[in-house]
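Numbers 90 to 299, taken from the numbering used here, label the letters of the sequence shown in order.
Structure record follows, encoded as structure tokens.
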Amino acid sequence: MVIKKLTKNWRNYRDQDLSLPTRDDEDFRPMDVHEQEELVRSLEKAQAHQSLIWRRVFAGLLSCYAAFLLYSIFRQATSPWELRYHAYFMEDIDSWMVVSADWVAVLTCSVAIIGLLRDSEYRRHYILYSCVAGLVLAVFWLHYMLRLPRFRWDVIWLPFGPISGAGICLYVDHLLTESSEEVRKLRGYMHTQISLTNKITLIQRGGRKR
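Structure follows, in structure tokens:
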């Protein structure tokens, strides 16, 4: 008897806990056109603000890497092979080739930064171009790294630094573009709803006149 009573009480509690509220909420009402417009505008403004912040953050990080590469070029041009990560290749590569490779890395980072910050529909093309340049540069450095007596993991950033930066920029641009598209879709849904509402209103008015 005790078990049956407990089971009955548990079922009553569960049904009561899972049941939907039945009271009428007089405060609930659909948003009008002006409220929907304000909501969409606020979302667009917030998305644009966040997009600008993150683009500048990653562009700034990549700019720091490009500045380091410029320092590397200066040191290699004025005092060849003094930098350890360049000295590994002094028996296989000419100094001008190292300087040229670093200039290509700077160009790769610069194009990726332009693509990340440029307000244009072709911004992704810039980032893709930088990815291709980074891939060529990675093949160049890996070719000479594999020719070393021992593989130097401490200079792994030489082949993979520029292409990684370009790839991160491409990923960030993809995420922010997707977010922007979602907000655009929301505005499109709003316009569709307004259009349907206006059509229904016109049909109802026509029916009343008849």
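A virtual CB, placed ideally from N, CA and C, is assigned to each residue, including glycine.
All of these numbers come straight from a predicted model, not from anything done at the bench.
Neighbour-count burial assignment, D262, 16 or more Cβ in a 10 Å radius | buried
Beta carbon of F147, beta carbon of I257: below 9 angstroms?
-> yes
Cβ of C220 within 9 angstroms of Cβ of S152?
-> no
Keeping to the same chain, check which residues put their C-beta closer than 6 angstroms to that of A155; ignore five residues upstream and five downstream.
-> V195 and C198
Quick one, which of E126, V225, L217 and G277 has its alpha-carbon nearest A190's?
-> V225
What beta strand (DSSP E) runs, 3 residues minimum, are completely inside the region 151-239?
-> none
Is it buried or exposed for W230, if we count other Cβ within 10 angstroms and need 16 for buried?
-> buried
What does a CB cutoff of less than 8 angstroms around A227 pick up in its chain, not counting 5 residues either side in sequence?
-> P248, F249, P251 and I252
Exposed or buried, which one is S54 when buried takes at least 16 other CB atoms within 10 Å?
-> No answer is possible for residue 54: it lies beyond the span of the chain, which begins at 90 and ends at 299.
Cβ distance (whole Å) where R236 is taken to contact D181 below 8 angstroms | 6 angstroms
State buried or exposed for Q165, treating a residue as buried only when at least 16 other CB atoms are found within 10 Å of its CB.
-> buried
Since A300 contacts G223 with CB under 8 angstroms, what's their CB separation in whole angstroms?
-> With the chain covering only 90 through 299, there is no way to say anything about residue 300.
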